Amino acid sequence: MDKKIGLVGFGYWGKILYKNLIDLGLDPIVCEPNLVDNGNLLEGKKVINKYEDLEVDKVFVAVPATAHHDIVKHFLSNGIDVFCEKPLGMYTHEVEEMYILAEKNDANLFVDWLFTFNNQVERLVELLSHSAPIRNISMNFINKGPLRYDCNAKYDLASHHISVLQTIFRRLPDSWTWINYNRDPKQKVEDSCVGFLKYGNCQVMVNASWEHEIKGREVVFTLVDGTYILWDDMTQTLKHVTDKDEQEFVGGQSSPLHNSIKTFLYVKSFSYIKQKELTRQITRILETNHG
């Protein structure tokens, strides 16, 4: 790829992005004003201190969520395509402002809703489209760390499952309620949350925490016919269980992060309009309670 690629942010996720970009044969120019530990990844590389000095054609933004708005706006204002980590913004008005700016300057704004680029989620959506209606959904995203200081567990972890729900239902829930709390009282932001959502007759519970002794990322879809579908992201298990047997769906699994990066860089047919609506819906659900 001849175009210059930039990466703003070299913290926990910035390093992961950098490694994946290198794996894909790319050589991003890194911008990090407070470089403390580069993990021996930037040996001999020049690091830019100010994102305003970054001269690139496309940029990856992996900074704290509270800094997304100003940095993303800078690049969009200059007509530069942006790949931004989720959440794009904490508030609907911020998200709308960034999308308006992207359209005005003929730039693409891509949000890395990572689960939507998971092959198993694609199979899950297809499976559910041919199954009995869903009665209940139970979703867990729990682990020990990494700690966040810029946004709470609702925005950091639960947002992944909300992206899956919105991909399945493709509309806002009829109602939703969030309870944010701390399992560790020393945390500066809420490290845990529980969400309750309702889509018609389907009730959903989302449980998320980065301060949990057990690591798990599983979703159970209970169907009205008494069967259930299990998706476990940790073991990459997807199966439909009935009282007689269980059918497991096995297939090739490519890296969701590789999928999203390549979509941003190379897939001209990608629907930015659909992703914009997805991002709008997720932001609205996370921003406040409703109903």
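Heads up, the sequence shown is in this note's numbering, so the first residue is 389 and it goes up one at a time. We treat Cβ as the ideally placed atom computed from N, Cα and C, and that holds for glycine. The model shown is predicted, which means the values in this text are computed figures rather than measured ones.
- [ ] Tell me whether MET527 sits in a helix, a strand or coil according to DSSP, three-state version.
- [x] Position 139 of the sequence shown, counted from the first residue, corresponds to residue 527. Three-state result, MET527: strand.
Task: CB of PHE609 within 8 Å of CB of ILE522, strictly - done: Along the sequence shown, one-based indexing puts residue 609 at 221. Along the sequence shown, one-based indexing puts residue 522 at 134. It is a contact, given that the beta carbons lie within the stated cut-off.
TODO: Work out the CA separation of PHE471 and LYS461 for me, nearest whole Å.
DONE: Mapped onto the sequence shown, residue 461 falls at position 73. Mapped onto the sequence shown, residue 471 falls at position 83. One C-alpha to the other measures close to 12 Å.
Open item on the list: Contact criterion: CB-CB distance below 8 Å. Does ASP613 meet it with respect to chain D?
Closed with: Included in the structure is just one protein chain, with no chain D present.
TODO: May I ask you to verify whether the region 540-560 touches the region 580-591, counting CB pairs closer than 8 Å and requiring at least 3?
DONE: yes
Open item on the list: Does THR454 pass the burial test, meaning 16 or more other C-beta atoms within 10 Å, or should it be called exposed?
Closed with: Your numbering for residue 454 matches position 66 in the sequence shown. Exposed, since its Cβ has fewer than 16 Cβ neighbours within 10 Å.
Task: Which of helix, strand or coil DSSP assigns to THR615 - done: In the sequence shown, counting from the first residue as 1, residue 615 sits at position 227. Here THR615 sits in coil by DSSP.
Task: LYS392 versus PRO416: straight-line alpha-carbon distance, rounded - done: Counting from one through the sequence shown, the residue named residue 392 turns up at place 4. Counting from one through the sequence shown, the residue named residue 416 turns up at place 28. Answer to the nearest angstrom: the Cα atoms are 7 Å apart.
Task: Option in GLY614, LEU645, THR480 and VAL577 with minimal Cα separation from THR667 - done: Against the sequence shown, residue 667 aligns to sequence position 279. Ranking the options by Cα distance to THR667, first place goes to THR480.
Open item on the list: Measuring CB atoms only, is the region 533-542 touching the region 512-521, in the sense that at least three cross pairs come out at less than 8 Å?
Closed with: no
Task: VAL440 in three-state terms, based on DSSP - done: Indexing the sequence shown from 1 puts residue 440 at position 52. Going by the sequence as given, residue 440 is Glu instead of Val. Reduced to three states, the DSSP call for GLU440 is helix.
Task: Run of the alpha helix (DSSP H) containing ASP411, from where it starts to where it stops - done: Stepping through the sequence shown from its first residue, residue 411 is reached at position 23. Residues 400-411.
Open item on the list: Judging by CA-CA distance, which residue of PRO421, VAL607, LEU618 and GLN635 is the nearest neighbour of VAL592?
Closed with: As a working mapping, residue 592 is identified with position 204 in the sequence shown. When each option's Cα is compared against that of VAL592, the closest is VAL607.
Task: Residue from LEU395, HIS600 and ASN507 with nearest C-alpha to ASN531 - done: What you label residue 531 is simply residue 143 of the sequence shown in a count that begins at 1. Here the closest residue by C-alpha is HIS600.
- [ ] Count the other CB atoms, across all protein chains shown, that sit within 10 Å of the CB of LEU423; report buried if there are 16 or more and exposed otherwise.
- [x] Taking the first residue of the sequence shown as 1, we reach residue 423 at position 35. The residue in question, LEU423, is exposed, as its Cβ has fewer than 16 Cβ neighbours within 10 Å.
- [ ] Reducing DSSP to helix, strand and coil, say where THR630 ends up.
- [x] Along the sequence shown, read from residue 1 onward, the residue named residue 630 stands at position 242. Coil.
Open item on the list: By alpha-carbon positions, which one of ASN408, PHE658, ILE436 and GLU431 ends up nearest to PRO421?
Closed with: Locating residue 421 in the sequence shown gives position 33, where the first residue counts as 1. When only C-alpha atoms are compared, the closest one is ILE436.
Task: Cβ-based burial, ASN466 [other Cβ within 10 Å; buried from 16] - done: Residue numbering aside, residue 466 sits at position 78 when the sequence shown is read from its first letter. Exposed is the call here.
Task: At least three beta-carbon pairs within less than 8 Å, the region 570-584 to the region 486-496 - done: no
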